[in-house]
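Novice: Heads up: the sequence shown at position 192 corresponds to 194 in this note's numbering, and the numbers run straight through without jumps.
I'd like to ask you about the structure that follows.
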Amino acid sequence: VLITRAEGSAPREAGTAMLVWQDGQYGTIGGGALEWQALAAARRLLPDSRPWARESLALALGPALGQCCGGAVRLLMERFGAEECTALEDLSGAGGALCRPEESGIPPSATPHAGWIREPFAAAPPRLFLYGAGHVGRAVAQATQGLALRLIWIDDASDRFPAEIPAHAERLVAANPADAVRLASPVDMHLVMTYSHSMDLEICHRVLGRPFAWAGLIGSPTKAARFRKRLRALGHDERRVAALICPVGDRSLGKSPSAIALGIAVDLCRHLAATAEGREGAA
Numbered sequence: 003v004l005i006t007r008a009e010g011s012a013p014r015e016a017g018t019a020m021l022v023w024q025d026g027q028y029g030t031i032g033g034g035a036l037e038w039q040a041l042a043a044a045r046r047l048l049p050d051s052r053p054w055a056r057e058s059l060a061l062a063l064g065p066a067l068g069q070c071c072g073g074a075v076r077l078l079m080e081r082f083g084a085e086e087c088t089a090l091e092d093l094s095g096a097g098g099a100l101c102r103p104e105e106s107g108i109p110p111s112a113t114p115h116a117g118w119i120r121e122p123f124a125a126a127p128p129r130l131f132l133y134g135a136g137h138v139g140r141a142v143a144q145a146t147q148g149l150a151l152r153l154i155w156i157d158d159a160s161d162r163f164p165a166e167i168p169a170h171a172e173r174l175v176a177a178n179p180a181d182a183v184r185l186a187s188p189v190d191m192h193l194v195m196t197y198s199h200s201m202d203l204e205i206c207h208r209v210l211g212r213p214f215a216w217a218g219l220i221g222s223p224t225k226a227a228r229f230r231k232r233l234r235a236l237g238h239d240e241r242r243v244a245a246l247i248c249p250v251g252d253r254s255l256g257k258s259p260s261a262i263a264l265g266i267a268v269d270l271c272r273h274l275a276a277t278a279e280g281r282e283g284a285a
């Protein structure tokens, strides 16, 4: 499922895609009623036996979807069976491709190549799920600009976010920020720093219940010890609890939001570098 056009206050940009199969999915096009409708439409397409079966769908993010965003998206849904996957394997070494939409009502994507849909054969950068838009959260959002990651910035109040957010960040307002954990993939990272210790604990509990690439929690050594004890009581084994980094950053740099964020950015750089080195070694 690919967003080929996004207008107004759409939750994700043109070019965002997710994979859908009968009983699961990978990725997200923004969640909520929009995503549920897209999932239903995609699964209706799965039994279609036509070669390269595809459909387009236009959705307005208004009262009909129980939303007040005021935006609109157009989706392209493509079914990939064994034959299509074999053809894609043959193309995978090309590095990229430009394919003009067929004459089937599919609109062009929002790209510099007017009238063309561009889909690069490259993995998307990992995402950092940042829970909390307070002073330190804002500093982290600024400090991570330029890193090889996308920022999913989550809070339960829209007015905590700054008027302008960095280009690499996507704002997500959630009544319960812990619910956003399910949107993450195993290669994504989590950084927890909300205004509430109970909210932090619930987010950490859900993070540890799923695969993740990196997870950090802001706090003192005392908070770290208490959280580890509570997480073990919630059923997480010692290995999983130890994988949660707390405190995060470098305390020797200072306690100001900017100093904390700088230390966290260094931690993330090290993780990203180690991950890239691991991929190169595997290749």
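Each residue gets a CB set at the ideal place from its N, CA and C atoms; glycine is no exception.
Tell me where the beta strand (DSSP E) around serine 58 begins and ends.
Specialist: Position 56 of the sequence shown, counted from the start, is the residue given in the question as residue 58. 56-62 is the span of the beta strand (DSSP E), which, as asked, contains serine 58.
Novice: Based on the DSSP output, what are the partners of isoleucine 247 in its beta bridges?
Specialist: Within the sequence shown, the letter at position 245 stands for residue 247. Gly218.
Novice: Can you tell which of Ala180, Ser222, Ala217 has its C-alpha closest to the C-alpha of valine 243?
Specialist: Locating residue 243 in the sequence shown gives position 241, where the first residue counts as 1. That would be Ala217, whose Cα lies nearest to the Cα of valine 243.
Novice: Pull up the distance between the alpha-carbon of histidine 143 and that of alanine 171, whole angstroms please.
Specialist: As a working mapping, residue 143 is identified with position 141 in the sequence shown. As a working mapping, residue 171 is identified with position 169 in the sequence shown. The sequence as given places alanine at residue 143; histidine does not occur at that position. Cα to Cα, alanine 143 sits roughly 7 Å from alanine 171.
Novice: Hey, out of Gln147, Ile5, Asp161, whose CA is closest to glycine 17's CA?
Specialist: In the sequence shown, residue 17 corresponds to position 15, counting from 1. Nearest C-alpha to glycine 17: Ile5.
Novice: Check whether the segment 125-141 and the segment 186-201 are in contact - that is, three or more C-beta pairs closer than 8 Å.
Specialist: yes
Novice: Taking asparagine 178 as the reference, give the member of Leu21, Pro188, Leu59, Ile156 with the closest Cα.
Specialist: Indexing the sequence shown from 1 puts residue 178 at position 176. Considering only alpha carbons, the answer is Ile156.
Novice: Near methionine 201, what residues of its chain come up, given a Cβ to Cβ distance below 6 Å and the 5 sequence neighbours on each side ignored?
Specialist: For the purposes of this step, residue 201 is taken as residue 199 along the sequence shown, with counting starting at 1. There are no such residues.
Novice: Who are the near neighbours of glutamate 104 in its chain, counting only those whose CB is closer than 6 Å to its CB and skipping five residues on each side?
Specialist: Locating residue 104 in the sequence shown gives position 102, where the first residue counts as 1. Unreliable placement is indicated for glutamate 104, whose pLDDT of 44 sits below 50; no coordinate value is reported for it.
Novice: I need the boundaries of the alpha helix (DSSP H) containing leucine 203, first residue and last residue.
Specialist: What you label residue 203 is simply residue 201 of the sequence shown in a count that begins at 1. First-last of the alpha helix (DSSP H) with leucine 203: 199-210.
Novice: Please determine, among Gln27, Ala55, Leu36, the residue with the shortest C-alpha to C-alpha distance to alanine 8.
Specialist: Numbered from 1 along the sequence shown, position 6 holds the residue referred to as residue 8. Alanine 8 has its Cα closest to that of Leu36, out of Gln27, Ala55, Leu36.
Novice: Out of Val268, Asp239, Gln27, point me to the one whose CA is closest to glycine 251's CA.
Specialist: Within the sequence shown, residue 251 is the residue found at index 249, counting from 1. The shortest Cα separation from glycine 251 among Val268, Asp239, Gln27 belongs to Val268.
Novice: Smallest Cα separation from proline 249: which of Arg230, Glu240, Asp239, Gly237?
Specialist: Along the sequence shown, read from residue 1 onward, the residue named residue 249 stands at position 247. Nearest option by C-alpha distance: Arg230.
Novice: If you follow the beta strand (DSSP E) that histidine 192 is in, where does it begin and where does it stop?
Specialist: Here residue 192 refers to the residue found at position 190 of the sequence shown. Note, histidine 192: beta strand (DSSP E), 191-194.
Novice: Out of Gln24, Trp54, Ile266, which one is the CA nearest neighbour of valine 138?
Specialist: Along the sequence shown, one-based indexing puts residue 138 at 136. Minimum Cα distance to valine 138 is reached at Ile266.
Novice: Which runs of the alpha helix (DSSP H) at least 4 residues long sit entirely within the segment 122-178? Give them in chain order.
Specialist: 137-145
Novice: Does DSSP put leucine 4 in a helix, a strand or coil?
Specialist: Taking the sequence shown and counting its residues from 1, one reaches residue 4 at position 2. Reduced to three states, the DSSP call for leucine 4 is strand.
Novice: Cα separation between proline 223 and glutamine 39?
Specialist: Position 221 of the sequence shown, counted from the start, is the residue given in the question as residue 223. Position 37 of the sequence shown, counted from the start, is the residue given in the question as residue 39. Using only the alpha carbons, I get a separation of about 45 Å.
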